[in-house]
Structures are given as C-alpha cells and as structure tokens.
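The sequence shown begins at -11 in the numbering used here and counts up by one.
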Amino acid sequence: MSPPFCSAPSRYSLTARRRSGQTSIVITTETDALTDRVALVTGGSRGIGAAVALRLAREGADVALTYRADADSAARVVKEIEELGRRGLALQADSSDADAVRAAVDTTARELGRLDILVNNAGVFPFGPFEEVGLDELDRTLSIHVRAAFVAAQAASPHLGAGGRIISIGSNLAERVPFPGIALYATTKSALLGYTRALARELGPRGITVNVVQPGSTDTDMNPADSGNAEHQRSLTALGRYQTPDELAATVAHLAGPGGRTITGASLVVDAGTNA
-11 MSPPFCSAPS
-1 RYSLTARRRS
9 GQTSIVITTE
19 TDALTDRVAL
29 VTGGSRGIGA
39 AVALRLAREG
49 ADVALTYRAD
59 ADSAARVVKE
69 IEELGRRGLA
79 LQADSSDADA
89 VRAAVDTTAR
99 ELGRLDILVN
109 NAGVFPFGPF
119 EEVGLDELDR
129 TLSIHVRAAF
139 VAAQAASPHL
149 GAGGRIISIG
159 SNLAERVPFP
169 GIALYATTKS
179 ALLGYTRALA
189 RELGPRGITV
199 NVVQPGSTDT
209 DMNPADSGNA
219 EHQRSLTALG
229 RYQTPDELAA
239 TVAHLAGPGG
249 RTITGASLVV
259 DAGTNA
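Pasting the structure below:
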C-alpha cells in the first residue's frame, strides 16, 4: 500500500533555460509531496518526458525513465535526478515492443522497491495524408501510443496500491483537429480517452486514479517554437504562445500528488487555449 500523502513545506529554485533563441527563468516550487514514491516515465530522456521526470523528482519521487536509443540523454536526466537527492534509473525500452514495456515496469519495481506512478509519455508524430499511411506506420504508431500504455498499465497494476497514479500524455488534437495531415496521430491519441475513462472505473475501487493530459504546442525538439509553422500554431492559441515542457510537467505533478486524489477519468487540456 502507498503511504498517505502529507503536506510539506515548499522550497523554490531558479533555473535558466535557453531554447529557440530565448532565455527564460523557470521558478520551480519544490515540496516533499512525493517522498517515498516511485515513478516510471516512458520516453523520459527528452522533451516533455524529461521535464516530467525531473519535476516528479523535485517533488520527492525516485524516478525511472525509458528511452529508445539515446542513452546519453537518458543518462543526463538520471544525473539531474540524482543531483536532486533522488534515485534515478534509465531503462532502454522501445515502446513498440510490448515485452520491453513489461520488463521496464517490472525492473522499476524491483530496482527501486515499488511503483506508485506510471506516466505514459513515449510518442511519435506521424504527419501526412491518410491515404499515404502504410500498415507498418499504422501498426507502429498504434503500438507506441495505445498498446504500450495498455500493456504498461497491466504490468503496473499488481504493483500499484491505494494512491497509485496512471497518467498518460495525449494531445489536444485528440479532441479538436484544426488542420489536415494528422489522421493517424489524432486517431491513436483519441484512443487514450477511452483507455483513461475505462481504467478509471476499473481501478477506482482500489484507490488508483487514471487521467490523460492533452498538451498543445509545446516547445520541444519535436515541435520547436522557432519552426517554420510555429507562428501559425501560436495564432491558434488564446494566449498567443507555445507552452514549455516545465509548464506541462507541473500539471502532471499536480495529478501525481495530493491535489490529484479525487481527479480520475479526466482529460485535462493544457494548450494555451487552442481548443477554447
């Protein structure tokens, strides 16, 4: 069983981050809300996944992360986790490989002693006319976005106690499609809505919450804020801006912490108002 959540004093840290030609100062609130918790973040070596892994560590969790090929980036994230005084673990696992996903879950629980928080983050972004989508690309995208999340939850379920969390990173494009070329992406991300609501019902009696966070345009290497179509994406938002991975990670941390106790089966759109 997971230990009960408790309040903890806040600490603050300043971090300078430079991306897309601009330097921003990130003010991070650190608490011990996730002390004694263990999290697994799939696709945690870069972008949103790395930001989530580090935010959970700042909140007190020990964090394992998976990566497909970039061992150096994964090692850098683990080093940052350890510099925060937490345990970090990098696991090579291609999310299109169901056996590798199961092994990552079981290894996390074995090496770190437990598992309390599963974050399904690994993803790809196929783009192009739906008529040109081949079966190989269709199957791979489904396996990464849908099957991996399903299999990971199955593997995690025996380890999760009351207070456990399953959080998936979806997309605001699952709920609104403002331009063509993303039929495969939107289809697979939409499947996470049904997955989230169904698992919330199945796992709710055990005190486990299940939610999906739907990000919009986020400044990562997959969709940099200085890309050729970035201005168009900004024009679609109510706030006129991209969001940062750290801002999205704050939402995940809230769901993972005591504030997320009664939030389950929910789709939280975090997209600067694109879908407003």
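C-beta atoms are modelled at their ideal positions from N, C-alpha and C, and glycine is treated no differently.
This one's a predicted model, so the numbers in the text were calculated from it and none came from an experiment.
Here residue 47 is buried. Its C-beta has 16 or more other C-beta atoms within 10 Å. Contact check for residue 184 against residue 247 fails: the beta carbons are separated by 8 Å or more.
For residue 54, the closest alpha carbon among the candidates 44, 66, 172 is that of 66.
From the listed residues 79, 102, 101, 100, the smallest Cα separation to residue 91 is found for 79. In this structure residue 203 touches residue 258 by the C-beta definition: roughly 5 Å separates them, less than 8 Å. Inter-residue distance for residue 111 and residue 128 is about 10 Å (C-alpha atoms, whole angstroms). Listed in chain order, the alpha helix (DSSP H) elements of length 4 or more contained wholly in the stretch 140 to 220 are 171 to 191. In the structure shown, the three-state DSSP call for residue 62 is helix. In the three-state DSSP reduction, residue 76 falls in the strand class (E or B).
The residue among 178, 100, 81 with its C-alpha nearest the C-alpha of residue 156 is 178. Under the three-state reduction of DSSP output, residue 105 falls in the strand class. Taking residue 120 as the centre and dropping the five residues before and after it, the same chain places no C-beta closer than 7 Å to its C-beta. If you draw a straight line from the Cα of residue 226 to the Cα of residue 205, it is about 12 Å long. For the options 251, 186, 255, the alpha carbon positioned closest to that of residue 161 is the one of 255. A straight-line Cα-Cα distance of about 31 Å links residue 21 and residue 262.
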